[in-house]
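> Below you'll find the structure I mean.
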Amino acid sequence: MHGAADLVSPSTPVAAGPRRAAHLQLSELAFAYPGAGSVFRALNLQVQPGEFVAVLGPSGCGKSTLLNLLAGFLQADGGSVQLNGQSIRPEMPELGYVFQSPNLFPWLTVLDNVRFGLQMAGSLSAAEQIARARHYIDLVGLGAAAELFPHQLSGGMRQRVSLARTLAPEPTLLLADEPFGALDAITRRHMNEELLRLWSQLGQSILFITHDIDEAIFLADRVVLLGRAPQGIDSELAIDLPRPRSFASTTRLPRFLEYRNHLLDRIAHVTETFA
Ligand SMILES: Nc1ncnc2c1ncn2[C@@H]1O[C@H](COP(=O)(O)OP(=O)(O)OP(=O)(O)O)[C@@H](O)[C@H]1O
Ligand SMILES: [Mg+2]
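Numbering (UniProt numbering), first residue to last: 1 to 275.
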C-alpha cells in the first residue's frame, strides 16, 4: 500500500503564496446582543492590503464580538463589511480564521488535519492537497510531525497545526482572535516571531485581536484601541518599528517603550470610564 507522500509527483504544483492581499473595510458597523445594550454603534475600520492591524482593548469591549461578526457567527444590525469592495461572506476563499483554541480533529494526523479544508473545498486533486498541506506544515516548522496525532503534540505545536490549516487554502485576509492567548509566555513570544516570519513570506492582510499590549505593538503596523462598548475605536497608533523584528531586541527599543507607555495611559483612561 502506498503512503500519502507517494501520491505526490515531483511535478505536483505546490503553493505559490496567496493571491493579491485583501482590503477590508468596516463602515458604520452596528451590533447589539438581543436584549442587551449596543456593543458597536458605528464602527469604522480598515485593513489595507498587506497591512498588519492589531485590535487591542480591555475585557468586554467587543473584540470577540467583532471577530464573530466578521466570521458570520453573528449578524450585524447595521453598516457594512466589505472585502475588496464586495460584501463579506464567511465562506469567501480569501478569508482565513485562527481562534484561541486550535480545534483540531483528534482522530486525524497533522497532515490530514491540514488537508481537511482543502478536501472540503474540492478544487485540488488528492496529490495537490497533500503537496499543499505538506508545504504549509513545513512552513510552520512541523515537517517531522506530519504523521502524528494532536494528542502527541505540545500546545504550541497544536497551534502551529491550526495556523498551517488556516494558511493552506491561501487566504489573503487572516482574522485572528487571541490565537496565542492560551500559550505560555515563552511559546507565545516564539509564535509571535513565527507569525511575522510567515507574514513576511506570504504578505496577507491581518486583523489580529489581542489584549496583550506588547504582542500588539510587536506584531502590528497599526494598533487600534477599542474603548468601552459601544464607544468603538478610542484611538489608533501607527507602529514605526523596523522589520524584521525579534522579540528580544524590538521590545527593548526606546520607541517600543514609548508606544507601550502611551497605550498603557490610554487603556487606563478607557478602563477608568468603565462603570
Ligand atoms: N452572547 C452574549 N449575549 C449578551 N451579551 C454578550 C454576549 N457575548 C458577549 N456579550 C457582551 O458583549 C460585550 C462584548 O463582549 P466580547 O466577548 O466581545 O468582549 P471581549 O472584548 O472579547 O472581551 P475579552 O477580552 O474578555 O475576551 C460584553 O459586554 C459582553 O458582556
Ligand atoms: Mg474575547
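Think of the CB as a built atom: it goes at the ideal place given N, C-alpha and C, for glycine as much as any other residue.
(1) Are the CB atoms of Ser249 and Val53 within a distance shorter than 9 Å?
(2) Skipping 5 residues on each side, what residues in its chain have a beta carbon closer than 7 Å to that of Thr251?
(3) Can you tell me the Cα-Cα spacing of Phe73 and Ala133, whole angstroms?
(4) Of the residues Pro171, Asp184, Pro169, which one's Cα is nearest the Cα of Gln159?
(5) Leu167 and Leu67: beta carbons closer than 9 Å?
(6) Of all residues in the structure, which have a C-beta closer than 6 Å to any heavy atom of ligand 2, taken in chain order?
(7) CB of Tyr33 to nearest heavy atom of ligand 1: below 8 Å?
(8) How would you label Asn103, buried or exposed, when you count the other beta carbons within 10 angstroms and need 16 or more for buried?
(9) Measuring straight from C-alpha to C-alpha, what distance separates residue 309 and Gln201?
(10) Which residues mark the beginning and the end of the alpha helix (DSSP H) in which Arg134 is found?
(11) Given Ala229, which residues of its chain have a CB within under 6 Å of its CB, disregarding the five upstream and five downstream residues?
(12) Use the C-beta contact count for Pro106: other C-beta atoms within 10 angstroms, 16 or more gives buried, fewer gives exposed.
(13) Ends of the alpha helix (DSSP H) at Asp265?
(14) Among Val223, Ser235, Ile130, Phe247, which one has its Cα closest to the Cα of Thr109?
(15) Please list, in chain order, all residues of the same chain as Arg222 whose beta carbon is under 8 Å from its beta carbon, the five residues on each side excluded.
This is what the structure gives:
(1) no
(2) Asp214, Phe218
(3) 27 Å
(4) Here the closest residue by C-alpha is Asp184.
(5) Not in contact: Leu167 and Leu67 (Cβ atoms no closer than 9 Å).
(6) Lys63, Ser64
(7) Within 8 Å of the C-beta of Tyr33 there is at least one heavy atom belonging to ligand 1.
(8) Asn103 is exposed by the Cβ-count criterion.
(9) Outside the displayed span of the chain (1 to 275) sits residue 309, for which this structure offers no information.
(10) 126 to 139
(11) Val39, Cys61, Gly62
(12) Pro106 sits exposed, since fewer than 16 C-beta atoms from the chains shown fall within 10 Å of its C-beta.
(13) Note, Asp265: alpha helix (DSSP H), 254 to 272.
(14) Ile130
(15) Excluding sequence neighbours, Arg222 sits near Glu51, Phe52, Val53, Ala54, Glu236, Leu237, Ala238, Ile239.
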